[in-house]
Amino acid sequence: MSEAVKQSPGDAPAESKPGEVSENHKKYWQKNIKLVLWLLVVWFLFGCVLSILFVEELNKFSIGGFPLGFWISQQGTILVFIGLIFIYAKSLQKLDKEFGVEDDGSDTMGGHE
Amino acid sequence: MNDQTIWNLVFVIASFSLYIGIAIWARVQSTKGFYVAGQGVPTVLNGMATGADWMSAASFMGMAGLISVMGYTGSMYLIGWTGGYVLLAMLLAPYLRKFGKFTVPDFVGDRYYSNLARVVAIICAIFVSFTYVCGQMRGVGIVFANLLGWDITLGVVVGIGMVFFYATLGGMKGITYTQVAQYCVLISAFVIPAIGISYEMTGNAIPQIGFGSKVTSGDNAGLYLLEALDKIHTDLGLPEYTAAFVAGKKSKIDVLMITIALMVGTAGLPHVIIRFYTVKTVGAARWSAFWALVFIGMLYTTAPAVGAFARANLLQTTHNKAYKDVPGWFKKWEDSGLIAWVDKNGDGNIQFGKGAAFVGKPKFDGDKTDAAGQRLITNAATEGPNELYVDRDIMVLANPEIAKLPPWVVALVAAGGLAAALSTAAGLLLVISSSVSHDLMKSILKPNMSEKEELVWARVAAGVAVVIAGYFGINPPDYVAALVAFAFGLAASSFFPAIILGIFSKRVNKEGAVAGMITGILFTAGYIIYFKFINTSAGPDKWLFGISPEGIGTVGMILNFVVTLVVSKITPEPPAEVKKQVEMIRYPNSKHGA
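Just so you know, the protein sequences line up as chains Z and G, in that order.
Under the numbering used here, residues 6 to 118 are what the first sequence spells out, in order.
Under the numbering used here, residues 28 to 621 are what the second sequence spells out, in order.
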């Protein structure tokens, strides 16, 4: 995933005309990327590492009537995923406000309804 | 008519009337209403609609059955089909909403300022959606055939009529609000029987906890349910239910690759993506993704419990039991051709064990019966000890009957199966319809046509698509299952990298994106076609790094990323206005065309 979000050379400040990308916007975008990367680390940890790569080791422990690895892969991971999106939506809502970029809904396409 | 048939009819008629009523209320006259429901869908409702859109006949009827047969390995569907929403929420949905417009090819075509890219996207969108929709129509047919005793053809025709009616009348708006109703029907149809079975088997009414509790009655009373399942499997010479990667199960690398392909494929499926175009703001798109996963999670955390209960129930009620004593459901499903028993040792008892009971799907010898009264099959029996064939798609439908739940629960499950299949079919038809009318006709072939004319095209395309899908539902090609691998593989290896890079990199250009998409598609399609259609006998030892065709989309996706980045680097930068557009979609409040 890291190639996908790494800033490409075209994003270098020298490339953009002055005033095109404000400092405010640049900072907002960097914060956004940083948050998303952290959340994706947790996503990968649960979705792939604990549920698949190390499931056998985790299955040596149990939680109630479940082998631990089995529980993480069939229940826990889904709950973590829901939590991740919640944190993302909540944090971005705050970030939008902090940088004054929130979408007030005034920018919908010219429509007929 | 018996009680069950009456209950079935009541539930089906009541739910269908509700959908029709909603469709009439939500009919639309504008393209914006038809494609994106006027962008006025409230967040929580959009989450529900996305849930119904996403959870198909396969999720409702197939997944719990798959988990029930595969045990731990079934986790790849659970993780894959939910993990994709994390990617959608953080990497795609808010930005595509900000971009505006109507469809996925819209984004690909505009961001890469190229009609070639647009055409590649159109072809993928139509292919992926068609693959999927045929399976839904089949699902409708199966529910009607088995629960109402109708002919599959009649069932499919009724299903087609339903979807055609509300998809063409209400477009996205009609589909959205019917999907909200369908979500409510399908989730209660899935959860209520699960609660009943959980309580009956473990004394705990919450299925998610119940399948980690102790069994209350029978031979295995006092053991944890999963412990009991592992024990039964070991006794029958099968790999333990909860064990991972042991002999007889998929390998670690394959499970990993399939999981990633499903996650990325989910995030790249056009009928899911377009749901996020329907809300009012960027923030609403993020919260929609959250609600969607909450609603999907309700079914997806219940499904593994249902799978485990169904497995235990099936083995306990059939293994080593005399055929003459089996309950009514067994014979009923035998009549539908979805259960078959071949008495290899002639003892009149059903034995379950390792391997298939016979070669292929059951082919009955007319109405002839064998010694114990079971229907005679013409398939060649295998050497192994197993005598029982159970089609895994019936687990969810048969489960309430196996657990002896009341007739209205069984009827509710039928209505739920129909809701799941119809809601997904409608979402897919909208993608096909908008790909033809909006992306192909309006954007490429006939840019000057009026909105009214575009709407006619949209409705005609939806109509033609639903008829073709219905045809394949009645005469399903043998390779439907193989095509599903295609849908996810192609979505993963074509759309996902193109959209992500289009948002997160300003340097990626049309040369890179087109080369990347074509590489991803050719590689993935070539690999799947080779192993699924040309050299079908080639086993896992011939697979690249041990990756099955189902998981190869992950490799196709990586190739797409690499090719796109390299080719973009050595070809000219995208034009200034495209860069500006990318800048615009990153900030929720910046204006279009600014």
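Even for Gly, the Cβ is constructed at its ideal location relative to N, Cα and C.
Please read all numbers here as calculations on a predicted model, not as lab measurements.
Between K431 of chain G and the set G:K596, G:P354, G:F126 and G:V242, the nearest pair of CA atoms involves G:P354. Within the region 64 to 95 of chain Z, the residues whose Cβ lies closer than 8 Å to any Cβ of chain G are, in chain order, N64, I68, G69, G70, F71, P72, G74, F75, W76, S78, Q79, Q80, T82, I83, L84, F86, I87, L89, I90, F91, Y93 and A94. One thing to note: C151 of chain G has its Cβ no nearer than 9 Å to the Cβ of L456 of chain G. G411 of chain G sits away from A448 of chain G, with the two beta carbons spaced by 9 Å or more. Using beta-carbon distances, I236 of chain G counts as an interface residue toward chain Z, with a partner under 9 Å.
Think of a sphere of 8 Å around the beta carbon of L97 of chain Z: the chain G residues whose beta carbon falls inside it are P121, G310 and R313, in chain order.
The Cβ-Cβ distance between P567 of chain G and S278 of chain G falls below 9 Å. Along the region 317 to 335 of chain G, the positions whose C-beta sits under 8 Å from a C-beta of chain Z are F317, L320, V321, G324, Y327, T328 and P331, read in chain order. Looking from the CA of Y122 of chain G, the closest CA among Z:E103, Z:G105, Z:W34 and Z:C53 belongs to Z:W34.
Residues of the same chain with a CB within less than 7 Å of the CB of V183 of chain G, apart from the 5 flanking positions on each side, are M164, V167, G168, G497, G500 and I501 in chain order. Ranked by Cα distance from S86 of chain G, the first of G:E610, G:D392, G:L326 and G:L415 is G:L326. Around the CB of T405 of chain G, fewer than 16 other CB atoms lie within 10 Å, so the residue is classed as exposed.
Looking at the DSSP output, Y416 of chain G shares a beta bridge with G:A367. For K359 of chain G, no CB of chain Z lies under 9 Å from its own CB, so it is not counted at the interface with that chain.
Where F379 of chain G is concerned, there is no enclosing beta strand (DSSP E), because DSSP gives it neither an H nor an E. Contact of I106 of chain G with chain Z is assigned, a C-beta pair being separated by under 9 Å.
Counting along the chain, F391 of chain G sits inside the beta strand (DSSP E) bounded by residues F391 to T396.
For a Cβ distance threshold of 7 Å, residue set W48, F86, L89 and I90 of chain Z lies close to V113 of chain G, ordered along the chain.
Residues of chain G with a Cβ closer than 7 Å to the Cβ of W34 of chain Z are, in chain order, R613. For the region 379 to 395 of chain G, no residue has a beta-carbon sitting nearer than 9 Å to a beta-carbon of chain Z.
Annotation: the region 524 to 603 of chain G contains the following complete segments of the alpha helix (DSSP H) (minimum length 4 residues), in chain order: 537 to 556 and 580 to 597. One Cα belongs to N413 of chain G, the other to N64 of chain Z, and the distance between them is close to 29 Å.
Taking 8 Å as the upper bound for CB-CB distance, M82 of chain G and L424 of chain G are not in contact here, some 15 Å apart. Separation of the CB atoms of F515 of chain G and L289 of chain G is rounded to 6 Å, and the pair is thereby assigned contact status at 8 Å. S460 of chain G has its alpha-carbon roughly 8 Å from the corresponding atom of V487 of chain G. For L403 of chain G, the uninterrupted beta strand (DSSP E) run begins and ends at R402 to I404, by DSSP. Judged by DSSP in its simplified three-state form, S315 of chain G adopts helix. Residue environment analysis places I285 of chain G among the buried positions, since at least 16 neighbouring C-beta atoms fall within 10 angstroms of its C-beta. With 16 or more other CB atoms across the displayed protein chains lying within 10 angstroms of its CB, V85 of chain Z is buried.
By the C-beta density criterion, F59 of chain Z is exposed, having fewer than 16 other C-beta atoms within 10 angstroms.
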